[in-house]
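Reading through the structure tokens given below for one structure.
Protein chains: 2
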Amino acid sequence: MRVAVVGAGSIGLAVAWRAALRGAEVAVHDPEPGSGASRVAAGMIAPVTEAHYGEEALTPFMAASADAWPGFARELAAATGLDVGFRDVPTLVAAVEDGDRAEIDRQSDLYRATARAVERLTPRAARKVEPLLSHRVRAAVLAPQDRAVDPRAVHSALLAAVEVAGVELRRETVADLRDLDADQVVLAAGCGSAALGDLPVRPVRGAVLRLRAVGDQPLPRTTVRGFVKGHPIYIVTRDGGEVVVGATSDERGHDRRTGTAGAVHDLLRRSIELVPEIAEYHLAEVSVGFRPGTPDNLPLIGRLDHRTLAATGHYRNGIALIPATADAVADLLAGEERPDLAPFDPLRFKRTAAPRETPPVGPAPAASGHRPDSNRVAENAAPQRVAPSAPDPSADHARERPAPSIPTEPAAEEARP
Amino acid sequence: MRVAVVGAGSIGLAVAWRAALRGAEVAVHDPEPGSGASRVAAGMIAPVTEAHYGEEALTPFMAASADAWPGFARELAAATGLDVGFRDVPTLVAAVEDGDRAEIDRQSDLYRATARAVERLTPRAARKVEPLLSHRVRAAVLAPQDRAVDPRAVHSALLAAVEVAGVELRRETVADLRDLDADQVVLAAGCGSAALGDLPVRPVRGAVLRLRAVGDQPLPRTTVRGFVKGHPIYIVTRDGGEVVVGATSDERGHDRRTGTAGAVHDLLRRSIELVPEIAEYHLAEVSVGFRPGTPDNLPLIGRLDHRTLAATGHYRNGIALIPATADAVADLLAGEERPDLAPFDPLRFKRTAAPRETPPVGPAPAASGHRPDSNRVAENAAPQRVAPSAPDPSADHARERPAPSIPTEPAAEEARP
Numbered sequence: 006m007r008v009a010v011v012g013a014g015s016i017g018l019a020v021a022w023r024a025a026l027r028g029a030e031v032a033v034h035d036p037e038p039g040s041g042a043s044r045v046a047a048g049m050i051a052p053v054t055e056a057h058y059g060e061e062a063l064t065p066f067m068a069a070s071a072d073a074w075p076g077f078a079r080e081l082a083a084a085t086g087l088d089v090g091f092r093d094v095p096t097l098v099a100a101v102e103d104g105d106r107a108e109i110d111r112q113s114d115l116y117r118a119t120a121r122a123v124e125r126l127t128p129r130a131a132r133k134v135e136p137l138l139s140h141r142v143r144a145a146v147l148a149p150q151d152r153a154v155d156p157r158a159v160h161s162a163l164l165a166a167v168e169v170a171g172v173e174l175r176r177e178t179v180a181d182l183r184d185l186d187a188d189q190v191v192l193a194a195g196c197g198s199a200a201l202g203d204l205p206v207r208p209v210r211g212a213v214l215r216l217r218a219v220g221d222q223p224l225p226r227t228t229v230r231g232f233v234k235g236h237p238i239y240i241v242t243r244d245g246g247e248v249v250v251g252a253t254s255d256e257r258g259h260d261r262r263t264g265t266a267g268a269v270h271d272l273l274r275r276s277i278e279l280v281p282e283i284a285e286y287h288l289a290e291v292s293v294g295f296r297p298g299t300p301d302n303l304p305l306i307g308r309l310d311h312r313t314l315a316a317t318g319h320y321r322n323g324i325a326l327i328p329a330t331a332d333a334v335a336d337l338l339a340g341e342e343r344p345d346l347a348p349f350d351p352l353r354f355k356r357t358a359a360p361r362e363t364p365p366v367g368p369a370p371a372a373s374g375h376r377p378d379s380n381r382v383a384e385n386a387a388p389q390r391v392a393p394s395a396p397d398p399s400a401d402h403a404r405e406r407p408a409p410s411i412p413t414e415p416a417a418e419e420a421r422p
Numbered sequence: 006m007r008v009a010v011v012g013a014g015s016i017g018l019a020v021a022w023r024a025a026l027r028g029a030e031v032a033v034h035d036p037e038p039g040s041g042a043s044r045v046a047a048g049m050i051a052p053v054t055e056a057h058y059g060e061e062a063l064t065p066f067m068a069a070s071a072d073a074w075p076g077f078a079r080e081l082a083a084a085t086g087l088d089v090g091f092r093d094v095p096t097l098v099a100a101v102e103d104g105d106r107a108e109i110d111r112q113s114d115l116y117r118a119t120a121r122a123v124e125r126l127t128p129r130a131a132r133k134v135e136p137l138l139s140h141r142v143r144a145a146v147l148a149p150q151d152r153a154v155d156p157r158a159v160h161s162a163l164l165a166a167v168e169v170a171g172v173e174l175r176r177e178t179v180a181d182l183r184d185l186d187a188d189q190v191v192l193a194a195g196c197g198s199a200a201l202g203d204l205p206v207r208p209v210r211g212a213v214l215r216l217r218a219v220g221d222q223p224l225p226r227t228t229v230r231g232f233v234k235g236h237p238i239y240i241v242t243r244d245g246g247e248v249v250v251g252a253t254s255d256e257r258g259h260d261r262r263t264g265t266a267g268a269v270h271d272l273l274r275r276s277i278e279l280v281p282e283i284a285e286y287h288l289a290e291v292s293v294g295f296r297p298g299t300p301d302n303l304p305l306i307g308r309l310d311h312r313t314l315a316a317t318g319h320y321r322n323g324i325a326l327i328p329a330t331a332d333a334v335a336d337l338l339a340g341e342e343r344p345d346l347a348p349f350d351p352l353r354f355k356r357t358a359a360p361r362e363t364p365p366v367g368p369a370p371a372a373s374g375h376r377p378d379s380n381r382v383a384e385n386a387a388p389q390r391v392a393p394s395a396p397d398p399s400a401d402h403a404r405e406r407p408a409p410s411i412p413t414e415p416a417a418e419e420a421r422p
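Structure representation (structure tokens):
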């Protein structure tokens, strides 16, 4: 069977890898592999602390994927010799102010509903687990099994793995899925899936900071998450001294630059409030990406027609869902039944919309672009529930552009006249 | 007369240019022209709002240099065809909180002592002059003649001007002034002057942000300065949509990276407080430089010996003092008397120290490097008055390294698979 995968982000590459290992002849099409959300993401594998109200249908899939990650990482390492930075440290969720403490209480109920390990900690106990936590922290929850990988290392390893597995990587743009010479087509183009597959995927913009400890500065031992004046923040530390802080969330269009000053300010303020040591680090990079959001925040995984499958719309959870998505799509390609994927049916919105007399047309609210009357980045806004809609005419702009990723290491040489 | 200038920052290049125009045969030595403070600076020419208590001896020199700038910029443009971004817009100093309002009152007295135009404004009048000023501003002062240039454009134009004037640029390191084959030597090596000339110049670290307006975002019409919880902040706008925000000030050693996260946070917080629109811009670059500070904050301009002149130690005022310094040094090279330069005598500290029984030895407090007990960037600390001291043994690290200047414009192409 000849399979064409559209999109060489980490989802597309993982699907290609798994399909090739199961005997398919696979080609992946992408003019710029990894230019999308894959290399901006922070890499949390957090079935507990990424649980959200209204997204309960995702819980078993997130859990299965989290449990599959250690083995998936080992397989990737064995196939390529590359480490993906899987980090077996717990996640701590903390709050400073009263309102945020109440938010932690609400979240705890949600966390417990995942039926995975969750532990309420006193502030003193929390600082024992994470000595860099602010002394002002008043409430904390520990999720011992919420872990993290390095998404850039994952993407690099997947690129190597597909090559080893004999997958062909075609660095070219696909304008129309019908142009592809293949028995089966997998659409894994992130935000670009909207235009290519007539799917309700919208870009949800997010800024992420990469900091670097200098010299012997102490580093967080855990992944630290929290709420600061109602805004979520996370701090993911990697072996080697990189500290990733994320993420803003807005739907102000497709520009990677508008409002990054405000986004950086907000991310630094919130992360410094939880972990004051953050202020001592070097701000090495600001990157902006676009999460492929869907109307119900659940991914689009399943058949579009007899020849086409979708593996897209992973919103905040792309990295976490790599192993489960890759195996699910490989199963579907092999003709296996996967009734557990029903909540992710990519045609679920069209089926709902069918009885309507007059389906709404025009650009989805998510793609309305710059709002000149807004005086602030609309950060962490609740995901907009987009009504079933006609294809978004502006969605062809939605595919991510190369991230403005800016290593800021100074040159090592001294310069003296 | 053969003149060797050590240092191809803007001071060194301007001295070389003026000396060459007056007939000298000039060579400038620098392995990396413009790698120091010249291209980090914001470029304010602000004899009023850069006035500081204890630095009154600088007032006439700052005034003369400010008055010389328009002609100097025209001459540079005529010689090179390059524009230096001289911007004839006023400077507004504003405050939000009561404590900062009191600071503005104190500053106003100092500003008036410069005998240049100063105007107290009501908040309403201030917002008429600068519509982007926060509605929370409670006090403001206008300095109609404090202006700005683009220091990078200035440095580029000076590089072109010295070439036109026949100056030789030698991209090589000078280890010892005695190695130079010249009749006269001008030491203009910024922080590197400490080791080369046995001068009390210490690096005062500062971070500066370069933001960029996106699309049709409105820009400040004026240079906005202010005090936010006692910390000074400035916002300099250039034609073309660049907005420069500065600057932090600390003496935590020679690393360009330590604490840039905290520095960026503080600069954004303070600038957004005065001009909320800042949050909407793109954070295009973070750069860190080292101001060449002196014990009394006054520059070192004058004779070191019969063959050697100093033109260094300009601290915060390097760009503002380019024309006056260049003409002063050209006068001294021509054998003219310049009694007005007496306060800047580069040997003034040695003369004071001479009668001492036991001159203090060891590293100056300013160069004590990283303070592990400090939990925050010591920003905007009052300049340390360093006692007359022996040469700082750590000063040979003080010469600036290339700035981690990070253009973050995304690539223009759309990428779609």
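So the protein sequences, as listed, match chains A and G. If you count by the numbering used here, then the first sequence holds residues 6 to 422, one letter each, in order. If you count by the numbering used here, then the second sequence holds residues 6 to 422, one letter each, in order. Each residue gets a CB set at the ideal place from its N, CA and C atoms; glycine is no exception. The model shown is predicted, which means the values in this text are computed figures rather than measured ones.
Continuous beta strand (DSSP E) assignments of at least 3 residues falling wholly in the stretch 193-272 of chain G: 207-217, 228-233, 236-242 and 247-251
Chain-ordered chain G contacts of arginine 274 (chain A) [CB-CB under 8 Å]: Simply His270 and Arg274.
Under 8 Å from the C-beta of arginine 217 (chain G): neighbouring residues of chain A: Arg262
Short Cβ contact (7 Å threshold) for glycine 195 (chain G) with alanine 42 (chain G): yes
Valine 169 (chain G), buried or exposed, once every other Cβ within 10 Å from all chains shown has been counted against 16: It counts as exposed.
Chain G residues whose Cβ lies nearer than 9 Å to that of isoleucine 277 (chain A): Ala266, Gly267 and His270
Beta-carbon contacts of proline 136 (chain A) that lie in its chain and below 8 Å, excluding the five residues immediately before and after: Pro223 and Arg226
Host alpha helix (DSSP H) of alanine 145 (chain G) (start-end): Taken as a continuous stretch (DSSP letters only), alanine 145 (chain G) belongs to no alpha helix (DSSP H), being part of the beta strand (DSSP E) at 144-148.
Close beta carbons around valine 20 (chain A), own chain, < 8 Å, minus the five adjacent residues each side: For valine 20 (chain A), same chain residues with a beta-carbon under 8 Å away, outside a window of 5 residues either side, are Val10, Val191, Ala193, Ala316, Thr330, Ala331, Val334 and Ala335 in chain order.
Bounding residues of the beta strand (DSSP E) (the contiguous stretch that carries histidine 292 (chain A)): The residue you asked about is not histidine; residue 292 (chain A) is serine in the sequence shown. That run of the beta strand (DSSP E) goes 287-298.
Beta-carbon proximity check, serine 70 (chain G) vs leucine 326 (chain G), cutoff 7 Å: yes
Under the three-state DSSP convention, the category arginine 125 (chain A) falls into: strand
Length of the line joining the Cα atoms of proline 38 (chain A) and aspartate 110 (chain A): 41 Å
Own chain residues within Cβ distance below 8 Å of glycine 59 (chain G), not counting five before or after: If we look at glycine 59 (chain G) and ignore the five residues flanking it on each side, its Cβ neighbours are Asp301 and Asn302.
Cross-strand partners of arginine 308 (chain A) (DSSP beta bridge): A:Leu314
Element boundaries [alpha helix (DSSP H), containing histidine 160 (chain G)]: 156-169
Cα-Cα separation between valine 233 (chain G) and alanine 99 (chain G), rounded to whole angstroms: 9 Å
Own chain residues within Cβ distance below 8 Å of threonine 265 (chain G), not counting five before or after: Ala212, Val291 and Val293
Enclosing beta strand (DSSP E) for arginine 175 (chain G) [first to last residue]: 173-175
The stretch 152-167 of chain A touching the stretch 78-88 of chain A, judged by at least three CB pairs closer than 8 Å: Flag = yes, the stretch 152-167 of chain A and the stretch 78-88 of chain A touch.
Exposure label - glutamate 247 (chain A); buried when at least 16 CB within 10 Å: buried
Where the alpha helix (DSSP H) through threonine 178 (chain G) begins and ends: Premise fails: threonine 178 (chain G) is in no alpha helix (DSSP H) and is neither H nor E.
Cβ of alanine 395 (chain A) within 7 Å of any chain G Cβ: Low confidence applies to alanine 395 (chain A): its pLDDT is 33, below 50, so where it sits in the model is not reliable, and the reading given next is rough at best. No, because no Cβ of chain G sits closer than 7 Å to the Cβ of alanine 395 (chain A).
Nonlocal neighbours in the same chain, by C-beta distance under 6 Å from alanine 29 (chain G), ignoring five residues either side: Sequence-distant partners of alanine 29 (chain G) (beyond 5 residues in either direction) whose C-beta falls short of 6 Å from its own C-beta, in its chain, are Met6 and Val8.
Per-residue DSSP class, three states only, for alanine 46 (chain G): Coil.
Separation of valine 31 (chain G) from glycine 171 (chain G), as counted between CA atoms: When only Cα atoms are considered, glycine 171 (chain G) and valine 31 (chain G) end up about 8 Å apart.
From G:Gly340, G:Val89 and G:Glu177, residue whose alpha carbon lies closest to that of proline 36 (chain G): G:Glu177
Exposed unless 16 or more other CB atoms sit within 10 angstroms - verdict on aspartate 151 (chain G): Residue burial annotation: aspartate 151 (chain G) is buried, with at least 16 other C-beta atoms found within 10 angstroms of its C-beta.
Alpha helix (DSSP H) runs wholly inside the stretch 46-93 of chain G, at least 4 long, in chain order: Counting whole runs of 4 or more residues, the stretch 46-93 of chain G contains the alpha helix (DSSP H) stretches 64-85.
Alanine 130 (chain A) (DSSP reduced to helix, strand or coil): In this structure, alanine 130 (chain A) counts as helix in the three-state DSSP scheme.
For proline 237 (chain G) and proline 297 (chain G), the rounded distance between their alpha carbons: 19 Å
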